[in-house]
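Asks: There's a structure below that I have some questions on.
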């Protein structure tokens with residue numbers, strides 16, 4: 633497998649290069665998302681790639697899309713990424729790419745927490761709540777929560793940190809109906825994924841969409 637730190641597909645127009653993924657336009661209605669082998673830590677891209685990392689990320693994503701597709705539709709087109717690049721470019725996309733619908737994203741990170749960790753733990757120590765959700769007293773770092781909680785974040789510009797926001801702020805951005813749908817589906821996805829992972833000895837502390 634070819635190690636790809638930075639993809640260079642000259643047959644397609646590069647729209648954006650993120651910390652890990654490179655996005656190319658395929659016509660007006662599709663995107664080719666290429667997961668590179670770049671390492672990103674604390675919003676810094678490191679110079680040395682991990683061979684095969686992008687392929688692993690893509691295969692994990694495809695697994696969960698298939699596992700959770702009955703809860704929420706996804707942006708996959710079902711077409712092979714290799715079909716939209718030249719033969720010489722196939723090694724750059726093989727196993728590490730997805731051909732997806734070009735959609736307008738909702739400017740909200742849908743975060744669900746089943747355990748108190750990370751920024752949630754820091755906020756709990758200060759306010760005994762996370763994103764406006766009150767929690768019981770006496771919880772410790774990495775405590776399992778009584779029920780999963782929806783703790784959204786505002787999607788920040790590239791290079792900046794996402795900011796935790798309240799559910800009421802989500803309502804103000806997208807409206808009450810869509811906010812409720814996002815919350816409900818996000819929690820259901822987390823519960824389904826967490827229950828499956830637990831059968832494999834894996835704890836999903838939190839996740840975001």
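In our numbering, the protein residues as written are 633 to 841.
Idealized CB from N, CA, C, for every residue including glycine.
Could you check how far apart the C-beta atoms of residue 663 and residue 732 are, in whole angstroms? I think they sit under 8 Å.
Replies: 5 Å
Asks: Using C-beta distances below 7 Å, list every residue in its chain close to residue 787, excluding the 5 sequence neighbours before and after it, in chain order.
Replies: 739, 740, 741, 794
Asks: Can you tell which of 753, 817, 812 has the C-alpha that lies nearest to the C-alpha of residue 776?
Replies: The shortest Cα separation from residue 776 among 753, 817, 812 belongs to 753.
Asks: With a Cβ-Cβ cutoff of 8 Å, do residue 838 and residue 744 count as a contact?
Replies: yes
Asks: Count the CB pairs spanning the segment 678 to 688 and the segment 634 to 652 that are closer than 8 Å, and state whether there are at least three.
Replies: Three or more pairs of CB atoms, one per stretch, sit closer than 8 Å, so the segment 678 to 688 contacts the segment 634 to 652.
Asks: What three-state label does DSSP hand residue 818 in the structure shown?
Replies: helix
Asks: Unbroken alpha helix (DSSP H) runs of length 4 or more, entirely within the segment 660 to 707: which are they?
Replies: 685 to 700
Asks: Measure the alpha-carbon distance for residue 815 versus residue 719 and round it to whole angstroms.
Replies: 43 Å
Asks: As a quick exercise: from 703, 748, 673, pick the residue whose alpha carbon is nearest that of residue 782.
Replies: 748
Asks: Can you tell which of 819, 642, 823 has the C-alpha that lies nearest to the C-alpha of residue 724?
Replies: Distance from the Cα of residue 724 is smallest, within the candidate group 819, 642, 823, for 642.
Asks: Whose CA, out of 696, 721, 778, 699, lies closest to the CA of residue 666?
Replies: 721
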